[in-house]
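Residues 0 to 115 in numbering that gives the first Met the number 0 are what the sequence shown lists, from first letter to last. All C-beta atoms in this analysis are idealised placements derived from N, C-alpha and C, irrespective of residue type, glycine included.
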Amino acid sequence: MKVELQAMCSECYQPVALVLTEQSKNIRCPVCGHEVPMIEKGSFTSLAKDQSKRKLFAAGAFLSFLALAGGFAWFITEFEKEQGSTVPGIALMVIAGLATLVLAWVGGSRRYVCEF
Ligand SMILES: [Zn+2]
């Protein structure tokens, strides 16, 4: 498990991207070397769980985006036929489009910013 954080160092005020693992003993600024003790295990675990869940949502958003493209391809194919049915293609585009929006929003909505 690992946790990725956008952090701000309280010594040099540099924004740094931190990657914490279970083995991390300290949180260390890569710019000035300022160190603080690692966050407690409980917080680390819940952060890691939350982040992996969000990665799943982001992956889901990608898949529903593919479905959206599929719906569009279907629509175009049927549209070019004389009596093709464009409705399933349109329906798929609408559903997949909404799913993409929701999943991408949930997957990308929370960014952790901490100061240490
Ligand atoms: Zn620093």
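Residue i bridges to which residues according to DSSP?
i           : result
residue 53  : DSSP output for residue 53 lists no bridge partner at all.
residue 16  : 5
residue 36  : 25
residue 113 : 6
Taking all protein chains shown into account, do 16 or more other C-beta atoms lie within 10 angstroms of the C-beta of residue i, making it buried, or fewer, making it exposed?
i           : result
residue 88  : buried
residue 75  : exposed
residue 107 : exposed
residue 100 : exposed
residue 28  : buried
So residue i and residue j are supposed to be a Cβ contact under 8 Å. How far apart are they, rounded?
i           : j           : result
residue 114 : residue 9   : 5 Å
residue 56  : residue 105 : 5 Å
residue 25  : residue 37  : 6 Å
residue 103 : residue 60  : 4 Å
residue 69  : residue 77  : Contact flag wrong, Cβ pair sits at about 12 Å.
Below 9 Å between beta carbons: does that hold for residue i and residue j?
i           : j          : result
residue 47  : residue 80 : no
residue 15  : residue 35 : no
residue 112 : residue 13 : no
Please tell me whether, using a cut-off of 8 Å, the distance from the CB of residue i to the nearest non-hydrogen atom of ligand 3 is below it.
i          : result
residue 32 : With respect to small molecules bound, the structure shown includes ligand 1 and not ligand 3.
Practice item. Check whether the region 93-101 touches the region 63-70, counting contact only when three or more Cβ pairs, one atom from each stretch, lie closer than 8 Å. Key: yes
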